[in-house]
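Residue numbers (our numbering): 509 to 801.
Beta carbons: idealized from backbone N, C-alpha and C, even for Gly.
Owing to the predicted nature of the structure, the values given are computational and were not obtained by experimental measurement.
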Amino acid sequence: MQRNAKFPWQTLLIALLLVVVLIVIFSSYTIIDPGHRGVVVMLGATEDRTLPEGFHLVIPPMARRVVAVDVRTKKVEVNVEAASSDMQLIQVTGVLNYHLDPEKVSQLYKQVGLNFEEIIIGPAMQEAIKAATATFRVERILVERTVIRDQIEEDLRQRLNVNNIVVDAFSLADVTFSAEFDAAIERKQIAEQSAIQKQYELQAAQKDVEITLAKAEGEKKAAVIAAEGQAEARKLEAAAEATALELISKQLAQNPSLIQYEWARRLAPSVNTIMLPGGQDIILDAKSLTSGN
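Here it is as structure tokens:
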């Protein structure tokens, strides 16, 4: 009778042991993707070391696990109902770009895990926005928008830096006011436009008055100059007449018969002789003597 072959227990045990070893070896390796860091957790406790990008061996794999944490720049947006210093409600949309300190992600993970946006960043943004808007009157918020943004960004740097969160940039994406304030702004703008229009009309009217006054002044000066010219002409004419009469008087005094000669010369061409009674004086117009006619 043939004996039964023995079952190869030893071979099976070696094979199983080899499989376990291979599983342990392969499960001990981990790969950290670009832009991430690895946080090592051993038996529920977070280790202080941080694994950089690349291929790593973590032993023992059953007791240690690696949590990949994104350290690339990310964006968080919040909508906040805030108030101005004069208690006017405004709606502010803020956008924060941030990244985690790659060398200290294990500390952040140990404190809050991976929910740091909801636990730390969001509340910090709301507090910083409300604190900044509360220092400005509502009508100055749009004018001082850049100043407010810088103030919020600096506040966030201080708040988040203690948690190893680095602020890259902050922006005020949108700022809206209440319907009542918008209506008041519209009324103010209409009033300002009306005032500007009235000012323009006033300036135009003043310009017309200036033109009219300048024209009247010009006409007045022209009239004065014309009157002065006429007066001067009359003076010159009177002086000329006086000079002529003086000369005539001198000539007549020296030659009395000149009157009779001039009278005879001015008779009409058709008159040859005029008889006058003896001793009759001849009367001539002095102007006719000076006019030459």
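Neighbourhood of residue i by C-beta distance below 7 angstroms, restricted to the same chain and skipping five residues each side
| i | result |
| --- | --- |
| residue 802 | Not covered by the structure: residue 802. The range shown for the chain is 509 to 801. |
| residue 626 | none |
| residue 721 | none |
| residue 620 | 627, 628 |
Buried or exposed by the 16-neighbour rule on C-beta atoms within 10 Å, applied to residue i
| i | result |
| --- | --- |
| residue 559 | buried |
| residue 663 | buried |
| residue 708 | exposed |
| residue 486 | Since the first and last residues shown for the chain are 509 and 801, residue 486 lies out of range. |
| residue 592 | buried |
| residue 750 | exposed |
| residue 522 | exposed |
| residue 632 | buried |
| residue 680 | buried |
| residue 710 | exposed |
| residue 608 | buried |
| residue 659 | buried |
Beta-carbon proximity list for residue i, same chain, < 8 angstroms, skipping 5 on both sides
| i | result |
| --- | --- |
| residue 677 | 604, 605, 661 |
| residue 454 | One cannot answer for residue 454 here, as it falls past the ends of the chain, which runs 509 to 801. |
| residue 539 | 562, 563, 564 |
| residue 556 | 614, 615 |
Inter-residue spacing [alpha-carbon to alpha-carbon] between residue i and residue j
| i | j | result |
| --- | --- | --- |
| residue 666 | residue 640 | 14 angstroms |
| residue 537 | residue 564 | 6 angstroms |
| residue 575 | residue 646 | 46 angstroms |
| residue 798 | residue 752 | With a pLDDT of only 48 at residue 798, under the threshold of 50, the placement of this residue in the model should not be trusted; the figure read from the coordinates follows. Whole-angstrom Cα-Cα distance: 7 angstroms. |
| residue 622 | residue 547 | 11 angstroms |
| residue 642 | residue 581 | 30 angstroms |
| residue 672 | residue 551 | 25 angstroms |
| residue 844 | residue 699 | This structure cannot settle anything about residue 844, because the visible part of the chain is limited to 509 through 801. |
| residue 746 | residue 726 | 30 angstroms |
| residue 651 | residue 636 | 19 angstroms |
| residue 594 | residue 644 | 8 angstroms |
| residue 761 | residue 724 | 54 angstroms |
| residue 687 | residue 541 | 50 angstroms |
| residue 703 | residue 670 | 53 angstroms |
Residue i, enclosing beta strand (DSSP E) - first and last residue
| i | result |
| --- | --- |
| residue 573 | 572–578 |
| residue 679 | 673–685 |
| residue 541 | Note, residue 541: premise wrong, no beta strand (DSSP E); not H, not E. |
| residue 562 | 562–565 |
| residue 559 | 553–559 |
Cβ shell of residue i (< 6 angstroms), same chain only, five flanking positions each side left out
| i | result |
| --- | --- |
| residue 685 | 598 |
| residue 742 | none |
| residue 545 | 558, 577, 579, 610, 613 |
| residue 715 | none |
| residue 584 | 604, 625, 629 |
| residue 509 | With a pLDDT of 44 at residue 509, under the threshold of 50, the predicted position of this residue should be treated as unreliable, though the coordinate-derived value follows. For residue 509, where only same-chain residues beyond five positions count, there are no Cβ hits under 6 angstroms. |
Heavy atom of the ligand HEM within 7 angstroms of residue i beta-carbon
| i | result |
| --- | --- |
| residue 553 | This structure lacks the ligand HEM; in fact it carries no ligand of any kind. |
| beta strand (DSSP E) runs wholly inside the stretch 585–655, at least 3 long, in chain order | 597–608
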